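Q: Chains as they are written, first to last, in the numbering used here: chain Y, 3 to 115; chain W, 2 to 113. Positions of the beta carbon are idealized from the N, C-alpha and C atoms, including for glycine. All values derive from a computational prediction rather than experimental measurement.
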Amino acid sequence: KAGVTQTPRYLIKTRGQQVTLSCSPISGHRSVSWYQQTPGQGLQFLFEYFSETQRNKGNFPGRFSGRQFSNSRSEMNVSTLELGDSALYLCASSRTGPGETQYFGPGTRLLVL
Amino acid sequence: QKEVEQNSGPLSVPEGAIASLNCTYSDRVSQSFFWYRQYSGKSPELIMSIYSNGDKEDGRFTAQLNKASQYVSLLIRDSQPSDSATYLCAVNEDTGRRALTFGSGTRLQVQP
């Protein structure tokens with residue numbers, strides 16, 4: 003069974019731009035969670051989607067948004083990029099939610115200049 | 002603020018020794034506990050999940066959970082240099098907040 007895939011793997015943007023990251027979960031998984039990982043803050047929860055509905059959102063500004071499609075694929079968008087948004091963005095999928103095992107994708111490394 | 006605490010390390014052990022990694026959590030209603038391994042520049046990889054008090058063994062890895070003490074640990078027997086990585090403890094409360102809370106990770110170094 004194929005794992006979680008994320009595209010693109012690397013991205014360089016400048017301040018003020020916006021970016022869209024994509025995540026395809028493991029087949030049969032309906033829950034997709036997004037996390038931001040930085041050296042200073044560690045792994046922080048962004049939001050979780052299940053059946054095209056956002057069920058929970060972490061403590062991030064409204065510039066961070068996401069959505070999920072009927073095939074469970076998910077995208078996250080960051081608008082008006084700031085230098086501090088430079089991070090590894092990780093997507094994780096599970097069958098029904100984070101209470102059970104989540105499997106992580108390889109991540110998208112975003113650098114904001 | 003729900004917290005998951007881990008010693009950042011590095012924890013250095015010789016090859017073949019037992020590595021003991023510890024994690025404490027603040028939220029008493031936490032129900033699901035996970036250990037992930039993360040190599041530098043890579044994404045977290047699941048090692049173990051544990052839901053009930055006691056020990057759970059999988060190969061060289063043993064997870065131990067004590068909900069009364071709000072403590073979860075990971076033992077790695079016969080440590081190998083390839084085990085050198087950062088080990089992340091993650092906790093989920095399963096009561097509405099559908100998100101994992103991660104500790105900052107413990108860096109393990111296995112010396113050949």
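Is Gln-104 (chain Y) near the ligand HEM, with its Cβ less than 7 angstroms from a heavy atom?
A: You won't find the ligand HEM in this model; it holds no ligand whatsoever.
Q: Have a look at the DSSP bridge pairing and note the partners of Thr-114 (chain W).
A: Residue 114 (chain W) falls outside the range modelled here, since chain W spans only 2 to 113, and no answer is possible.
Q: Look up Gly-44 (chain Y) in the DSSP assignment and say whether it is helix, strand or coil.
A: Reduced to three states, the DSSP call for Gly-44 (chain Y) is strand.
Q: Consult DSSP for Gly-68 (chain Y) and reduce its assignment to one of helix, strand or coil.
A: Strand, per DSSP.
Q: In chain order, what residues of the segment 50-68 of chain Y put their CB closer than 7 angstroms to some CB of chain W?
A: Cβ contacts with chain W come from Glu-50, Arg-57, Asn-58, Gly-60.
Q: For Gln-8 (chain Y) and Gly-99 (chain Y), I'd like the C-alpha separation in whole angstroms.
A: Whole-angstrom Cα-Cα distance: 19 angstroms.
Q: In terms of DSSP beta bridges, what is Leu-92 (chain Y) paired with?
A: In the DSSP output, where bridge partners are listed per residue, Leu-92 (chain Y) has Y:Tyr-37.
Q: When the Cα of Thr-110 (chain Y) is compared with those of Y:Asn-61, Y:Leu-92, Y:Pro-27, which residue comes out closest?
A: Among Y:Asn-61, Y:Leu-92, Y:Pro-27, the Cα nearest to that of Thr-110 (chain Y) is on Y:Leu-92.
Q: Just the Cα atoms here: how many angstroms apart are Asp-84 (chain W) and Ile-77 (chain W)?
A: Computed Cα separation, rounded: 9 angstroms.
Q: Counting only beta-carbon separations shorter than 8 angstroms, does Pro-45 (chain W) have a partner in chain Y?
A: Yes, because at least one Cβ of chain Y sits closer than 8 angstroms to the Cβ of Pro-45 (chain W).
Q: Identify each residue in the segment 7-34 of chain W for which the Cβ-Cβ distance to at least one residue of chain Y is less than 8 angstroms, and report them in chain order.
A: Those would be Gln-32, Ser-33, in chain order.
Q: Cβ of Gln-110 (chain W) within 8 angstroms of Cβ of Pro-11 (chain W)?
A: Against a cut-off of 8 angstroms, the Cβ pair of Pro-11 (chain W) and Gln-110 (chain W) comes out as a contact.
Q: How would you list, in chain order, the residues of chain W whose beta-carbon sits under 8 angstroms from the beta-carbon of Thr-103 (chain Y)?
A: Simply Phe-35, Leu-47, Ser-50.
Q: Using only the alpha-carbon positions, how far apart do Arg-61 (chain W) and Glu-46 (chain W) sit?
A: So the two alpha carbons sit approximately 16 angstroms from each other.
Q: According to DSSP, is Pro-15 (chain W) helix, strand or coil?
A: DSSP places Pro-15 (chain W) in strand when its eight states are reduced to three.
Q: Helix, strand or coil for Asp-87 (chain Y) per DSSP?
A: Correct three-state label for Asp-87 (chain Y): helix.
Q: Note down the Cα distance separating Phe-71 (chain Y) from Ser-53 (chain Y), rounded to an integer number of angstroms.
A: When rounded, the distance between both Cα atoms is 8 angstroms.
Q: Please confirm if Ala-86 (chain W) has its CB atom under 8 angstroms from at least one CB of chain Y.
A: Taking Cβ atoms only, chain Y never reaches closer than 8 angstroms to Ala-86 (chain W), which makes this a no.
Q: In angstroms, rounded to a whole number, what distance separates the CA positions of Asp-79 (chain W) and Ala-86 (chain W)?
A: So the two alpha carbons sit approximately 15 angstroms from each other.
Q: Which residues, taken in chain order from the segment 20-43 of chain Y, show a beta carbon closer than 7 angstroms to some beta carbon of chain W?
A: Residues Ser-35.
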